[in-house]
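Written below as structure tokens is the structure these notes are about.
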Amino acid sequence: MINSDVIQAANAKAVDRLEADYAALGAHLDRRGIDIAAIKAKVAKYGVAIPSWGVGTGGTRFARFPGSGEPRDIFDKLDDCGVIHQLTTATPSVSLHIPWDAQPAADLNSKAEEVGLTFDAMNSNTFQDQPDQTHSYKFGSLSHTDAATRQQAVHHNIACIELGAQIGSKALTIWVGDGSNFPGQTNFTRQFERYLDATRQVYDTLPDDWTLLTEHKMYEPAFYSTVVQDWGTNLLIAQQLGDKAKCLVDLGHHAPNVNIEMIVARLTQFGKLGGFHFNDSKYGDDDLDTGSIDPYRLFLVFNELVEAESNPDFNPMHMLDQSHNVTDPIESLMVSAMEVQRAYAQALLVDRAALEGYQDSNDALMATTTLKDGFRTNVEPILAMARLEKGGAIDPVAAYRASRYRAQVSEDRPAVSGAGGGIV
Ligand code: LRH
Ligand code: MN
Ligand code: MN
Numbered sequence: 003m004i005n006s007d008v009i010q011a012a013n014a015k016a017v018d019r020l021e022a023d024y025a026a027l028g029a030h031l032d033r034r035g036i037d038i039a040a041i042k043a044k045v046a047k048y049g050v051a052i053p054s055w056g057v058g059t060g061g062t063r064f065a066r067f068p069g070s071g072e073p074r075d076i077f078d079k080l081d082d083c084g085v086i087h088q089l090t091t092a093t094p095s096v097s098l099h100i101p102w103d104a105q106p107a108a109d110l111n112s113k114a115e116e117v118g119l120t121f122d123a124m125n126s127n128t129f130q131d132q133p134d135q136t137h138s139y140k141f142g143s144l145s146h147t148d149a150a151t152r153q154q155a156v157h158h159n160i161a162c163i164e165l166g167a168q169i170g171s172k173a174l175t176i177w178v179g180d181g182s183n184f185p186g187q188t189n190f191t192r193q194f195e196r197y198l199d200a201t202r203q204v205y206d207t208l209p210d211d212w213t214l215l216t217e218h219k220m221y222e223p224a225f226y227s228t229v230v231q232d233w234g235t236n237l238l239i240a241q242q243l244g245d246k247a248k249c250l251v252d253l254g255h256h257a258p259n260v261n262i263e264m265i266v267a268r269l270t271q272f273g274k275l276g277g278f279h280f281n282d283s284k285y286g287d288d289d290l291d292t293g294s295i296d297p298y299r300l301f302l303v304f305n306e307l308v309e310a311e312s313n314p315d316f317n318p319m320h321m322l323d324q325s326h327n328v329t330d331p332i333e334s335l336m337v338s339a340m341e342v343q344r345a346y347a348q349a350l351l352v353d354r355a356a357l358e359g360y361q362d363s364n365d366a367l368m369a370t371t372t373l374k375d376g377f378r379t380n381v382e383p384i385l386a387m388a389r390l391e392k393g394g395a396i397d398p399v400a401a402y403r404a405s406r407y408r409a410q411v412s413e414d415r416p417a418v419s420g421a422g423g424g425i426v
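Quick note, the sequence shown lines up with residues 3 to 426 if you use our numbering.
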């Protein structure tokens, strides 16, 4: 963790300016009939989970360029996640990927307690073969033509639930790479039937207070067809399996130009929105930093979430899912968590009564302007003040750099070479 003196010293340099900016924004919002303290209280309560796999440097199939002080295992990763939460106060939990992070529950629990974190959704992995594995996933996992391979995938998912139950997780996210690479290679219907049968076996073992999240993705690694390719198929799965099954929306998993906020609205309307993997994309599943490409789209997603907030049963899970190829992952994850929070705060500012009036009277121009008023407002002083009051950093990246955390952990964590690390 970072020495609190470092955070306080960094905050001391910025606090006067923050107080002035917060007061000015408070006066501005007051004129719009908005209580800044109420917005700040909501922002302060908001949290987004960190993906354990996001704190290591990512890469492409061409190359990977690891930085110094790469985490060696889940315990190093939890240290890094602890720092992200310490500085941003916005990331109280971590989402584990199994078997990458498989360790005894007692060890995971004690490390999480040490760094002040809890565990979010468990993620299973049947898209790769593991060294000790009997059956290969080359031709699929939960939808494989071979019953023993499907059973192996089912057992793996059940093992993820069992570990998750011991560490306080309440959800399993299943994403499969199953699909096909050639027209004719597979029968779409029979393949989906096999997937549903196998996934139902996992669903049947789910504890009562758990949610099964299925995650769709249009393509990759299968390049002709994918079993769970879009939100339509995802919704069918959730409807077939039952009340504890919901859909997970990863922002990078759609065709270009798809109206994601509308998918969010549809799934919400029918009680099937289970959670998010936040990231950004330009071309495909780019796993770029959240809000780095299209912050307006992120805002529009949050506009739908705020719209639904008054329903007490509405509680989708919020996670980041990104890959950091050219930045320090800790910095990217901090900035991304703040971007998610920012979109939430901006959406909270939308005058919903006015918007509804413009919608009902078909005043398209004023409706869209009302929405944009929220997006155009610089809410940074609200986010920074919420962080300061919770003991975090006014400027997390500045405090992180001042702490020299990365240099310090590099003394214990051996350098890793990226040479030869890509497969073209
Ligand atoms: C698939 C995905 C899914 C995996 C993660 C590593 O592209 O988004 O969530 O678990 O990446
Ligand atoms: Mn994802
Ligand atoms: Mn993805």
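No residue lacks a Cβ here, since even glycine has one placed at the ideal position from N, Cα and C. As the structure is a computational prediction, the values presented were derived from the model and not from experiment.
Quick one: grab the DSSP three-state call for residue i.
i    : result
N327 : coil
S227 : strand
M321 : strand
N13  : helix
S432 : With the chain covering 3 to 426 only, the question about residue 432 has no answer from this structure.
I52  : strand
A173 : strand
K42  : helix
T371 : helix
M79  : For the record, residue 79 in the displayed sequence is Lys; it is not Met. In the structure shown, K79 sits in a helix (DSSP, three-state: H, G or I).
S340 : Note that residue 340 corresponds to Met in the displayed sequence, not to Ser. Residue state, collapsed to three classes: helix.
A123 : strand
I262 : helix
L290 : strand
G181 : strand
E142 : The identity of residue 142 in the sequence shown is Gly, whereas the question assumes Glu. The answer is coil: DSSP assigns G142 none of H, G, I, E or B.
V377 : In the sequence as presented, Val is not what sits at residue 377; that position holds Phe. Three-state result, F377: helix.
H256 : coil
K284 : coil
Got a sec? Which residues, its chain only, sit under 8 Å from residue i by beta carbon, not counting five neighbours each side?
i    : result
T235 : F194, H218, V229
Q46  : A small fix is needed here, since residue 46 is Ala in this sequence, not Gln. Here the set comprises T91, A388, E391, K392.
A404 : V8, A11, A12
Q132 : P101
Y205 : L214, L243, G244, K246, A247
I332 : V57, D82, V85, I86, Y402, Y407, R408
A355 : none
Could you please give the first and the last residue of the uninterrupted alpha helix (DSSP H) stretch that includes residue i?
i    : result
N111 : 107-117
T2   : Residue numbering for the chain in the displayed model covers 3 to 426; residue 2 lies beyond these limits and cannot be assessed.
S405 : 398-405
L351 : Per DSSP, L351 belongs to no alpha helix (DSSP H) and is neither H nor E.
T59  : It is not in any alpha helix (DSSP H) - T59 carries neither H nor E in the DSSP assignment.
I163 : 149-168
V303 : 297-310
T91  : Segment: none, T91 is in no alpha helix (DSSP H) and carries neither H nor E.
P383 : 382-391
Q241 : 233-243
Could you name the residues of the same chain whose beta carbon sits closer than 6 Å to that of residue i, not counting the 5 residues immediately before and after it, in chain order?
i    : result
A400 : A12
I239 : T216
L27  : P383
S227 : G181, S182
E263 : L302, V303, E306
I176 : S126, T216
L31  : I38
Which first and last residues belong to the beta strand (DSSP E) in which residue i is found?
i    : result
G276 : 275-280
A2   : The question about residue 2 has no answer here: the residues shown for the chain are numbered 3 through 426.
T216 : 213-217
V96  : 95-100
With a CB to CB cut of under 7 Å and the five nearest residues on each side skipped, what residues in its chain are close to residue i?
i    : result
S16  : With the sequence shown as reference, residue 16 is identified as Ala, and Ser is not the correct amino acid for it. Taken in chain order, the residues that qualify are I396, D397.
S377 : First, the residue type needs correcting, since residue 377 is Phe and not Ser in the sequence shown. So the qualifying residues of the chain are Y298, F301, Q348.
G276 : T213, L215, K248, C249, L250, P318, M319
P209 : A167
V96  : A51, I52, S54, L80, C83, L119, F121, D122
P94  : G49, H87, L119, T120
I'd like to confirm something about residue i: is its beta-carbon nearer than 7 Å to some heavy atom of ligand 4, or not?
i    : result
E217 : As presented, the structure is devoid of ligand 4, carrying ligand 1, ligand 2 and ligand 3 as its sole ligands.
The region 278-295 touching the region 321-341, judged by at least three CB pairs closer than 8 Å = yes
Determine contact between the region 265-273 and the region 283-297, defined as no fewer than three beta-carbon pairs at a distance below 8 Å.
-> no
Tell me, please, whether the region 350-367 touches the region 64-72 by the rule of three or more beta-carbon pairs shorter than 8 Å.
-> no
The region 401-416 in contact with the region 352-372 per 3-pair CB rule at 8 Å | no
Does the region 251-266 come close enough to the region 330-339 to have 3 or more Cβ pairs within less than 8 Å?
-> no
Three or more C-beta pairs closer than 8 Å, one from the region 220-228 and one from the region 240-254: is that the case here?
-> In short, these stretches do not touch, since the Cβ pair count stays below three.
Are there three or more Cβ pairs, one per stretch, closer than 8 Å when the region 414-421 is compared with the region 37-52?
-> no
Do the region 80-88 and the region 354-366 meet, that is, are 3 or more Cβ pairs less than 8 Å apart?
-> no
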